[in-house]
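Just so we're aligned, residue 33 is where the sequence shown starts under the numbering used here, counting upward by one. We treat Cβ as the ideally placed atom computed from N, Cα and C, and that holds for glycine.
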Amino acid sequence: MKFVDFEALRSKIGSALVVDPVRLEEYRSDKSGSISSNRPSALVEARSVGDVQATLEFANSEGIPVVPRGAGTGLAGGAIGDAGEIVLSMLKMNRVLEINSQDLTAVVEPGVINSELNEQLRTEGLWYSPDPASQAISTIGGNIATNAGGLLCAKYGVTRDSVLGLTVVLADGQILNLGRRTVKGVTGLDLTSLIVGSEGTLAVIVEATLRLKPIRPDRERTLVANFSDVVGAANAAARIASSDLAPAVMEIMDELSVGFVNDYLNQGSRDKAFSKLIVQFDDQDADSRIKRAMSLIGNTAVSVEVDRGDGESESLFAFRRAFHPALAARGRVLIEDVAVPRSAMPAMFREIQRISTEFEIPIPTVAHAGDGNLHPNFLVDSEDIPARVWDAASELFYSALKLGGTLTGEHGVGTLKKRWLSEEIGDAQLDLQRRIKQVFDPRGILNPGKMFDERVHE
Ligand SMILES: Cc1cc2nc3c(=O)[nH]c(=O)nc-3n(C[C@H](O)[C@H](O)[C@H](O)COP(=O)(O)OP(=O)(O)OC[C@H]3O[C@@H](n4cnc5c(N)ncnc54)[C@H](O)[C@@H]3O)c2cc1C
Numbered sequence: 033m034k035f036v037d038f039e040a041l042r043s044k045i046g047s048a049l050v051v052d053p054v055r056l057e058e059y060r061s062d063k064s065g066s067i068s069s070n071r072p073s074a075l076v077e078a079r080s081v082g083d084v085q086a087t088l089e090f091a092n093s094e095g096i097p098v099v100p101r102g103a104g105t106g107l108a109g110g111a112i113g114d115a116g117e118i119v120l121s122m123l124k125m126n127r128v129l130e131i132n133s134q135d136l137t138a139v140v141e142p143g144v145i146n147s148e149l150n151e152q153l154r155t156e157g158l159w160y161s162p163d164p165a166s167q168a169i170s171t172i173g174g175n176i177a178t179n180a181g182g183l184l185c186a187k188y189g190v191t192r193d194s195v196l197g198l199t200v201v202l203a204d205g206q207i208l209n210l211g212r213r214t215v216k217g218v219t220g221l222d223l224t225s226l227i228v229g230s231e232g233t234l235a236v237i238v239e240a241t242l243r244l245k246p247i248r249p250d251r252e253r254t255l256v257a258n259f260s261d262v263v264g265a266a267n268a269a270a271r272i273a274s275s276d277l278a279p280a281v282m283e284i285m286d287e288l289s290v291g292f293v294n295d296y297l298n299q300g301s302r303d304k305a306f307s308k309l310i311v312q313f314d315d316q317d318a319d320s321r322i323k324r325a326m327s328l329i330g331n332t333a334v335s336v337e338v339d340r341g342d343g344e345s346e347s348l349f350a351f352r353r354a355f356h357p358a359l360a361a362r363g364r365v366l367i368e369d370v371a372v373p374r375s376a377m378p379a380m381f382r383e384i385q386r387i388s389t390e391f392e393i394p395i396p397t398v399a400h401a402g403d404g405n406l407h408p409n410f411l412v413d414s415e416d417i418p419a420r421v422w423d424a425a426s427e428l429f430y431s432a433l434k435l436g437g438t439l440t441g442e443h444g445v446g447t448l449k450k451r452w453l454s455e456e457i458g459d460a461q462l463d464l465q466r467r468i469k470q471v472f473d474p475r476g477i478l479n480p481g482k483m484f485d486e487r488v489h490e
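Here it is in structure tokens:
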């Protein structure tokens, strides 16, 4: 690691530059639980596009790696900094610059927290629909860089569907305005979509033009069906998904997850043996859709509960929302994230059961069943993730790929899934992706060691 004199950068960005070792320690990790071998050399808390440009110009000329970072809630190790690197935090660029209720657009800085944007929009009757479960703690910039999904995405789309345009700073400090403010537009290659999901490897997002919707009508109806086996729940979900019912939300919790939440909420063992399928409709004719969903479930469920239409939906959903805290209360966990075609969900749940038995690891699993996205959670009984758990996770990834699925539905590749990337996309595509990276970032300073970058980031 070469010595870096940061004074030239300090003269441009002043107190935005932080080199206090105690503060830097925090930037060695994110919510994935991975930790780099050493703390980064510096942190920049950017307050303006100028700060971002100055940092990248300095880093590019000195050949210093830069790790863009939002709130650090990522689950793939994509925002962690290591020795010799600068972490570029976007959290202080957090202004909502414009809300346009005629065009249904908003222009925001990247550090705006997702749910805080929605609080502002609500007063205008508007809604930004991408809703990761981390919406109260993650940034719009991070959501865009990971193409975040959420519970409502099967009906309302993932982050990419809500991004019209981006302003980005390239590795050499140059500013580019990408995309548009119009509903339609096909001029040139779609570089906006390329940046969405690029995990900080191609450019730093400094502004986003977002597509809004009128606020979601307050008329949700929810049903919860209990199944003696999660495969039965997955079969019912697949039937509903291939019908014209279009649920706003469709979630599955397997028996183990339900048991954990029961314990966490002190609800005893009442539901312990049952998997849950939770389906929510928000259309004008939600009542009739609930009835049709019930007939598709038929007698495959042990029991079905339906909210009485008096705001009870929220309490039925509270059980699903309690899953993350219930898991966190159990200790260390590797949160996984694969997606398969919806028809393959029952087979994928069977694979998870097989892997759990073979490797003797409890794997409580929840799924955004509306889009075939499963989160198997590997419980770990040590601080580090043991090789046995990685072997089980590897088996999981191969199973998903064999079923026509993908390594990651929404959390991204980061450092954690790099070694499996070519298994999904193949060597020729991996090579093409690396060459695209070179065009954007010839010196390779942006988020090295992440996603498709060959360098090792331990
Ligand atoms: C409890 C919990 C629940 C979660 N639920 C979901 C969920 O339902 N759906 C989901 O998709 N994810 C979920 N996540 C994962 C995580 O919250 C998302 O990936 C989120 O989008 C990350 O946002 P962030 O601001 O924390 O970004 P960070 O973690 O700081 O960064 C994530 C990646 O984006 C890059 N990046 C960040 N900002 C920028 C920028 N301005 N320009 C360029 N690159 C940038 C980073 O380099 C990194 O590669 C969850 C996480 C937790 C802890």
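7 Å Cβ shell around residue i - same chain, five flanking residues per side excluded
i: Asp250; result: none
i: Lys44; result: Ala86
i: Asn70; result: Asp114 and Ala115
i: Val36; result: Ser73, Glu94 and Ile96
i: Leu244; result: Leu136, Thr137, Ala138, Leu153, Leu158, Trp159 and Tyr160
i: Asp303; result: Residue confidence is low: Asp303 scores 49 on pLDDT, short of 50, so the model does not pin down where it sits. No coordinate-derived value is stated.
i: Asp83; result: Ile45, Ala48 and Val76
i: Ala278; result: Lys187
i: Thr224; result: Val195, Gly197, Leu198, Leu210 and Gly211
i: Phe38; result: Leu49, Val51 and Ala74
i: Gly264; result: Thr332
Residues bridged to residue i [DSSP beta-bridge criterion]
i: Val290; result: Answer by DSSP bridge pairing: none, since Val290 is not bridged.
i: Glu239; result: Thr199
i: Trp159; result: Lys245
i: Lys308; result: Asn258 and Met285
i: Pro9; result: A question about residue 9 goes unanswered here, because the residues of the chain that appear run from 33 up to 490.
i: Ser61; result: Ile67
i: Glu130; result: Val139
i: Glu77; result: Ser121
i: Val36; result: For Val36, which the question treats as bridged, DSSP gives no partner whatsoever.
i: Pro100; result: Leu120
i: Arg253; result: Phe313
i: Leu366; result: Phe410
Rounded separation between residue i and residue j - CA only
i: Arg324; j: Val334; result: 17 Å
i: Thr332; j: Ile176; result: 39 Å
i: Gly510; j: Met483; result: Coverage of the chain is limited to positions 33 through 490, which leaves residue 510 absent and any answer about it impossible.
i: Val99; j: Thr447; result: 12 Å
i: Glu121; j: Ala358; result: First, the amino acid is wrong: residue 121 is Ser here, not Glu. When rounded, the distance between both Cα atoms is 30 Å.
i: Ser61; j: Pro53; result: 14 Å
i: His407; j: Leu366; result: 10 Å
i: Lys63; j: Arg364; result: 11 Å
i: Gly476; j: Pro97; result: 8 Å
i: Arg271; j: Glu486; result: 42 Å
i: Ser454; j: Tyr430; result: 12 Å
i: Phe349; j: Gln316; result: 20 Å
i: Gly444; j: Pro246; result: 29 Å
i: Asp286; j: Arg127; result: 40 Å
i: Ala91; j: Val281; result: 44 Å
i: Ala460; j: Trp452; result: 14 Å
i: Phe306; j: Val236; result: 45 Å
i: Lys124; j: Glu58; result: 16 Å
i: Leu149; j: Phe355; result: 25 Å
Among the options, the one whose alpha carbon lies nearest that of residue i
i: Ile284; options: Arg321, Gly404, Arg243 and Ala177; result: Gly404
i: His400; options: Ser147, Ala269, Asp463 and Gly343; result: Ala269
i: Ile169; options: Asp193, Arg420 and Gly106; result: Gly106
i: Leu208; options: Ile477, Phe472, Leu478 and Glu486; result: Phe472
i: Arg55; options: Ala278, Asp314, Ala91 and Val119; result: Val119
i: Leu328; options: Ala257, Gly65 and Ala280; result: Ala257
i: Cys185; options: Ala425, Gly402, Asp463 and Val144; result: Gly402
i: Glu288; options: Ile384, Gly341, Lys216 and Ser320; result: Inspection of the sequence shows that residue 288 is occupied by Leu rather than by Glu. Comparing Cα positions, the closest option is Ile384.
i: Arg248; options: Thr171, Asp314 and Ala78; result: Asp314
i: Ile67; options: Glu415, Ile457, Arg420 and Gly458; result: Glu415
Close-in-space but distant-in-sequence residues of the same chain around residue i (CB under 8 Å, 5 per side omitted)
i: Ser345; result: Glu252, Arg253, Thr254, Gln312 and Asp339
i: Leu226; result: Leu234 and Ile468
i: Glu231; result: Ala108, Gly110, Ala177, Thr178, Gly444, Val445, Gly446, Asn479, Lys482 and Met483
Cβ-heavy atom distance, residue i to ligand 3, below 8 Å
i: Asp62; result: Absent from the structure shown: ligand 3. Ligands present: ligand 1.
Closer than 9 Å to chain D by CB, residue i
i: Pro246; result: Judged by its chain identifiers, the structure shown contains no chain D, having just a single protein chain.
Close Cβ partners of residue i (< 6 Å) along its chain, the five nearest in sequence each way excluded
i: Tyr188; result: Ser161
i: Gly229; result: Asn179
Contact between the segment 174 to 191 and the segment 155 to 166 (3+ Cβ pairs under 8 Å) = Yes, the segment 174 to 191 is in contact with the segment 155 to 166.
inquiry  = With a threshold of 8 Å, are at least 3 pairs of Cβ atoms found where one atom belongs to the segment 434 to 446 and the other to the segment 351 to 371?
reply    = Result yes; three or more Cβ-Cβ pairs closer than 8 Å.
ask   = Are at least three pairs of beta-carbons, each pair with one atom in the segment 144 to 157 and one in the segment 117 to 133, less than 8 Å apart?
value = The segment 144 to 157 vs the segment 117 to 133: in contact.
query = If we count Cβ pairs, one from each stretch, closer than 8 Å, do we get three or more for the segment 235 to 242 versus the segment 192 to 204?
reply = Contact holds: three or more Cβ-Cβ distances are below 8 Å.
message = Between the segment 389 to 399 and the segment 411 to 426, can you find at least three pairs of beta-carbon atoms closer than 8 Å?
response = A contact exists between the segment 411 to 426 and the segment 389 to 399.
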